[in-house]
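The structure appears below as structure tokens.
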Amino acid sequence: MMTCYTSMLLKTCMDVDPSINTYLDIIERAFGNKWRIIASVFLNTELYLVALGLVIAESDNLQKLFPTFAIKLGGGAITIGCRKTFVLITACITLPTMLLTDLSILSYVSAIGVLSSLLIMGSLISVGLLGVGFHAQGGQLWNMSGLPTAVSFYIFCFAGHPVLPSIYMSMRHRHQFIKVLMISFLLTTTTCLVTAVIGYLMYGGGVKSQITLNLPTSQASAKIAIYSLLLIPITRYALMVTPVASAIEGLLPQNYQNRSLIQRVIRLVILASNTLLAFFFPYFETLMGLLGSIFVVSASFILPCACYIKLTHGFSTWSCKLVVTVAIMVFGVLAGILGTYTTIVDLVHH
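This is the structure we're talking about:
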């Protein structure tokens, strides 16, 4: 509900100035070019880390399917472990999509990932009904110590605010934007809640950061869920890193920009660096917690509210809407601080 509300605040900010077309335009109009640059670095860092999470998720699920797989070199003198092998395989599978620079093609590829998400939820319900059941023991319905981490994970599911202004500008019937927002957030909320409840009922406190890692690979419906999840990183990775690659390209001298070879080299360097990081940072749940508590809280809670107050001169006259906006900002700050603290503590324990 709060993220849907802050999405509507972004539309209000755009209505203040017709020249605003993007999320960064809103920030520049509210706080100046310096904050636009800071926000650009911040948002591109978020996208880079989301791409890293996709690589980690892909390799984890491949390891689930083939737990004994490994690469042996030099007659067995050098052995690359199962997980690291699948990190390399993930990079190789993703490589062809990185050579595509046409966003229209990438958007069609990404649409497969959306269908995969719905297929995963259906497969989970099937596994619960026909196999595992919904009678897990040993769970704890209310765990205060894990609440900040859970909130960070849930917040991460609503990380789309930076692209909403661009979507609004591309719509033919912009008067339907609010309706589209409400339907989208309702579907996202329903999908997340259903998946969370099913996971808890099936596995209780033993549910893992990716529920597919709990599923028995002997069941056909479980395999469908795992294979569907494998499609998501492959179909979304290139779309995630495209803005990052474009930002890096924009820093190059003018005569090196808009060259297909340079564009592909930048994308390959991003993929290589993500692969290297995935080797040494296998903690998917920690990464998602940090993304939710630092990046998504800022982009989806704090910045939309701050820009709205600045652009509409909100503090000049107090109203119910202003009180709600300030309350959401306070919630975002508290959720960010607590989520970051608990995630870092978990990382130290690892």
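Under UniProt numbering, the residue at position 322 of the sequence shown is numbered 322, and the numbers go up by one with no gaps. Where is the CB? At the ideal position from N, CA and C, for every residue including glycine.
{"query": "Go ahead and pull the three-state DSSP assignment for I248.", "result": "helix"}
{"query": "Taking all protein chains shown into account, do 16 or more other C-beta atoms lie within 10 angstroms of the C-beta of D15, making it buried, or fewer, making it exposed?", "result": "exposed"}
{"query": "Can you say whether F315 is buried or exposed, counting buried as having 16 or more other CB atoms within 10 angstroms of its CB?", "result": "exposed"}
{"query": "Taking 8 Å as the threshold, find out whether the segment 249–266 comes into contact with the segment 111–126 through three or more Cβ pairs.", "result": "no"}
{"query": "Helix or strand or just coil, what does DSSP make of I309?", "result": "helix"}
{"query": "Could I get the ranges of all uninterrupted alpha helix (DSSP H) runs contained in the segment 271–331, with 4 residues as the minimum, in chain order?", "result": "284–290 and 303–311"}
{"query": "Residue ranges of each alpha helix (DSSP H) run of no fewer than 4 residues wholly in the segment 179–256, ordered along the chain?", "result": "220–250"}
{"query": "Taking all protein chains shown into account, decide if P216 is buried (16 or more other Cβ within 10 angstroms of its Cβ) or exposed.", "result": "exposed"}
{"query": "Residues bridged to residue 414 by DSSP?", "result": "This structure gives no information on residue 414, because the portion of the chain shown stretches from 1 to 350."}
{"query": "Taking DSSP as the reference, what is the three-state secondary structure of I71?", "result": "strand"}
{"query": "For R172, name the three-state secondary structure that DSSP assigns.", "result": "coil"}
{"query": "In angstroms with no decimal places, state the Cα-to-Cα distance between D25 and C305.", "result": "15 Å"}
{"query": "Could you say which of K321, Y308, M8 and V333 lies nearest to I294 if we only look at CA atoms?", "result": "V333"}
{"query": "Any contact between the segment 229–239 and the segment 88–103? By contact I mean 3 or more CB pairs, one from each, below 8 Å.", "result": "yes"}
{"query": "For N258, which of helix, strand or coil comes out of DSSP?", "result": "coil"}
{"query": "Buried or exposed: which applies to G336, given that a residue is buried once 16 or more other Cβ atoms fall within 10 Å of its Cβ?", "result": "buried"}
{"query": "Would you report the Cα separation of T212 and I226, rounded to the nearest angstrom?", "result": "6 Å"}
{"query": "In its own chain, which residues sit with a C-beta less than 7 Å from the C-beta of Y154, not counting the 5 before and 5 after it?", "result": "C192"}
{"query": "W142 by DSSP, collapsed to three states: which one?", "result": "coil"}
{"query": "Could you check if F66 is buried or exposed, using at least 16 other CB atoms within 10 Å of its CB as the buried criterion?", "result": "exposed"}
{"query": "Taking 8 Å as the cut-off, does the segment 158–168 touch the segment 2–14 (at least 3 CB pairs, one atom from each stretch)?", "result": "yes"}
{"query": "What span of residues does the alpha helix (DSSP H) with C82 cover, start to end?", "result": "C82 to M98"}
{"query": "Return helix, strand or coil for I125, following the three-state DSSP convention.", "result": "helix"}
{"query": "From V323 to L187, what does the alpha carbon distance come to, in whole angstroms?", "result": "27 Å"}
{"query": "Would you say the segment 282–302 touches the segment 121–133, given that touching needs at least three Cβ pairs under 8 Å?", "result": "no"}
{"query": "Name the residue from L100, Y5 and E285 whose alpha carbon lies nearest to the alpha carbon of I344.", "result": "E285"}
{"query": "At 4 residues or longer, what runs of the alpha helix (DSSP H) sit wholly inside the segment 1–40?", "result": "2–16 and 23–31"}
{"query": "What does the alpha-carbon distance come out to for the pair L181 and F69?", "result": "44 Å"}
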